[in-house]
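Protein chains in written order, with this note's numbering: chain L, 265 to 570; chain V, 265 to 570. The C-beta atom is built at its ideal place from N, Cα and C for all residues, glycine as well. Keep in mind that this is a model prediction, so the values were computed, not measured. What follows is a short report on a single structure.
2 protein chains.
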Amino acid sequence: MILGIDIGGTTVKFGIVTNKGEILATERHDTLENAQTSEDFMGLLIDISKKYIASYPQVKGIGIGIPGQLSLDRTTLVQANNLGALNGTKIVPILKETFPDLIVRMENDANCTALGEMYFGGHEKDNFIMIALGTGVGGGVIVHRKLFIGAKGNAGEVGFLVVGPQRQVLENYLGQRHLTNYVKEELKKPVNGFSLLHSEDELTVEKVFHAAKAGDRFALNVWDYVGELIGETVVGLAHAYDITQFVIGGGVGKAFELFEASAKKTALSYFSPYYADTFELLPAGCEADTGLIGAASLVLNELETF
Amino acid sequence: MILGIDIGGTTVKFGIVTNKGEILATERHDTLENAQTSEDFMGLLIDISKKYIASYPQVKGIGIGIPGQLSLDRTTLVQANNLGALNGTKIVPILKETFPDLIVRMENDANCTALGEMYFGGHEKDNFIMIALGTGVGGGVIVHRKLFIGAKGNAGEVGFLVVGPQRQVLENYLGQRHLTNYVKEELKKPVNGFSLLHSEDELTVEKVFHAAKAGDRFALNVWDYVGELIGETVVGLAHAYDITQFVIGGGVGKAFELFEASAKKTALSYFSPYYADTFELLPAGCEADTGLIGAASLVLNELETF
């Protein structure tokens with residue numbers, strides 16, 4: 265049993281997570297309200313943790329997921345855009361002081377998601393690359409059941425390979441805002457006038473998903489385009505890490521069925537047999553509370569059995 | 265003192281390498297002649313190694329560089345295009361049987377070059393990415409003074425990220441044959457008629473280098489193009505490994521001064537301050553016998569002091 269803490273830009277989620285990835289109890293707190301100062305914020309983390317640990321004395325450890333860059337030793341938040349007051353806070357040592365008998369681990373939130381997927385995604389993989397297509401494009405790289413954090417601790421930024429017709433990083437195409445802007449611009453072209461979608465609409469990725477599901481040719485082409493960009497990225501990542509298993513998650517990732525064929529076709533057009541023979545592209549298996557489950561997985565990864 | 269063995273498609277080089285990277289004695293043998301069977305080839309390795317070790321009893325180990333893919337435990341050649349008869353040969357265990365008191369290590373040749381650069385390149389770096397621009401584009405990734413070999417042992421294929429205007433892997437632009445073909449095609453365009461170079465010439469990378477040094481505008485543009493492609497690759501690799509130090513080697517790499525500015529400008533146009541602040545692009549420091557020195561470095565990497 266693990267206490268997971270999922271720190272986001274707007275909400276801090278706490279939850280008791282079992283070894284099967286079930287959430288027994290959970291609560292949310294507003295981030296901004298509590299993160300005015302580092303002391304306030306650590307006070308919140310300690311108070312809520314104490315409460316849960318009193319109720320669940322079987323808890324073996326605390327796992328924390330946090331956006332931004334961590335120190336190489338994973339004890340300190342170095343820099344996060346939305347959590348300015350916490351930058352430089354030695355979050356792990358402070359918690360460890362209060363909870364000396366517990367395992368306390370912290371990791372970047374996208375890395376947590378990858379670990380959560382390893383334990384609870386339903387695909388038995390010791391090596392894989394997670395690509396999380398959300399507001400931005402994040403991810404994590406699992407090598408021999410461990411996160412690969414690289415030279416300074418912030419490796420696996422899988423959304424920042426330069427790909428595609430604009431020679432831009434993947435996030436600049438597929439981050440949600442970028443993708444909807446692309447769709448809007450494309451819809452302005454007379455040739456796309458046949459689409460059910462309109463550039464004046466309040467466009468969302470969901471709308472493009474549903475239009476494609478309804479057979480809209482333009483929307484289907486958008487997902488082909490998404491797949492091509494994912495395919496090109498996958499090629500670079502496979503060669504960088506010698507990993508050919510990919511798991512796609514995040515909000516945009518929910519359209520997996522619509523970009524799968526194009527992504528696979530694109531990647532296979534580049535791969536030599538060494539890569540092609542073992543290449544797999546899968547949708548993420550975890551659906552709800554991936555942040556919380558991922559944070560708890562940090563402690564699992566320490567214990568491997570618990 | 266180390267016995268280095270640099271196995272190439274045409275030549276096998278043996279050499280005694282000191283802890284300062286000096287080569288005391290060396291000899292070459294024809295690869296094809298000796299690699300008709302795995303037994304013949306291992307016989308050659310053992311005979312020549314015995315001879316050197318008899319002459320240099322201070323030898324602490326044998327380091328072997330070999331092109332192609334190795335088993336994850338680095339004992340066996342899995343697959344090399346030019347060394348068919350050796351595929352599957354347990355090279356390290358066979359040598360270890362004859363030389364039980366010596367350290368015996370084998371590694372992919374491009375990885376060896378990266379290690380050689382770490383020890384003898386003259387730049388004190390614990391983390392860097394080597395990009396070797398030769399017949400193909402190879403390289404190696406050094407994380408905390410160790411080679412990163414990834415999930416299955418063949419990571420760090422830095423020439424296989426999809427980049428550039430043709431959405432191709434770097435090697436398809438900058439492998440020597442590809443680069444000269446590109447130059448030939450460009451020279452056929454009337455707009456490039458002012459160049460000193462001609463598409464009918466027997467074009468080499470050296471000629472494009474010398475033309476650029478002589479101020480030929482077309483040739484200078486070719487090197488800018490090379491730099492852009494390197495710059496885009498560097499961005500992906502920096503985010504993949506969280507490493508911002510790059511060392512460029514290989515034959516095409518000798519034109520470093522001509523593509524440096526364009527490569528740096530391109531990379532910096534993508535990098536956030538986290539990457540830009542520590543970004544370095546350097547020419548390789550090792551010049552001659554990099555394969556042999558790299559192979560010997562494998563044993564150094566084991567000993568760290570010797």
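The Cβ neighbour count for V:THR377, taken over all protein chains shown within 10 Å, is at least 16; the residue is labelled buried. CA-CA distance, V:PHE424 to L:ALA504, rounds to 8 Å.
In terms of Cα proximity to V:LEU308, the closest of V:SER319, V:ALA525, V:ASP541 and V:PHE278 is V:PHE278. Between the C-alpha atoms of L:LYS528 and L:GLU496 there is a straight-line separation of about 10 Å.
By the neighbour-count criterion, in which a residue is buried when 16 or more other Cβ atoms sit within 10 angstroms of its Cβ, V:GLU464 is exposed. Listed in chain order, the positions of the stretch 322 to 337 of chain L with a beta carbon within less than 8 Å of a beta carbon of chain V are GLN333.
Counting only the Cα atoms, L:LYS477 lies some 18 Å from L:LEU451. Nearest Cα to V:ASP270 within the set V:GLN343, V:SER526 and V:ILE557: V:ILE557. In this structure, the CA atom of V:ILE406 is about 6 Å from the CA atom of V:ILE393.
For L:ALA299, there are no neighbours in chain V by C-beta distance under 8 Å, as the nearest C-beta there is about 21 Å away. With contacts defined by Cβ atoms closer than 8 Å, V:HIS387 and V:LEU546 form a contacting pair.
Annotation: V:THR554 to V:TRP487 spans about 24 Å, alpha carbon to alpha carbon.
Take V:LEU411, set aside five residues on each side of it, and the residues of its chain with a beta-carbon closer than 8 Å to its own are GLU371, ASN375, ALA378, LEU379, GLY404, VAL405, GLY420 and ASN565, in chain order. Distance from the CA of L:PRO321 to the CA of L:PRO357, rounded to the nearest whole angstrom, comes to 21 Å. L:PRO547: member of the beta strand (DSSP E) spanning 544 to 547, first to last residue. Beta-bridge annotation (DSSP): L:PHE278 is paired with L:ILE269 and L:GLU291. Judged by their CB atoms, L:GLY515 and L:GLY398 are nearer to each other than the 8 Å cut-off. When secondary structure is reduced to three states using DSSP, V:ARG369 falls in the strand class. Under the three-state reduction of DSSP, V:PHE523 is assigned to helix. Residues of chain L whose Cβ lies closer than 7 Å to the Cβ of V:ILE507 are, in chain order, GLY414 and ALA415. Taking all protein chains in view, the Cβ of L:GLN509 is crowded by 16 or more other Cβ atoms within 10 Å, so the residue is classified as buried. Taken through DSSP and simplified to helix, strand or coil, L:GLN300 comes out as coil. Taking a C-beta cut-off of 7 Å against chain L, the contacting residues of the stretch 520 to 537 of chain V are TYR534, listed in chain order.
With distances taken between CA atoms, V:VAL563 lies nearest to V:ILE328 out of V:GLU291, V:THR290, V:ILE328 and V:GLY348. Distance between V:ASN283 and V:ARG409, taken at the CA atoms: about 16 Å.
DSSP places V:VAL323 outside both helix and strand once states are collapsed to three, so it counts as coil. Residues of chain V with a Cβ closer than 8 Å to the Cβ of L:GLU421 are, in chain order, HIS503, ALA504 and ASP506. Judged by their CB atoms, L:TYR437 and V:VAL433 are not nearer to each other than the 8 Å cut-off. Short of 6 Å from the beta carbon of L:PHE482, and not among the five residues preceding or following it, lie these beta carbons of its own chain, in chain order: ASN456 and SER459. Beta-bridge partners assigned by DSSP to L:ALA396: L:GLY402 and L:GLY513. For V:LEU567, the uninterrupted alpha helix (DSSP H) run begins and ends at 554 to 567, by DSSP.
Put simply, the CB of L:HIS387 is far from chain V, with every gap to its CB atoms at 8 Å or more. Within the same chain, LYS354 come within 6 Å of L:THR340 by CB-CB distance, once the 5 residues on both sides are set aside. One thing to note: V:PHE543 has its Cβ no nearer than 8 Å to the Cβ of V:ALA552. Per DSSP, V:VAL422 is not a residue of any beta strand (DSSP E), being assigned neither H nor E.
Chain L places no beta carbon closer than 8 Å to that of V:ARG369, leaving this residue out of the contacts.
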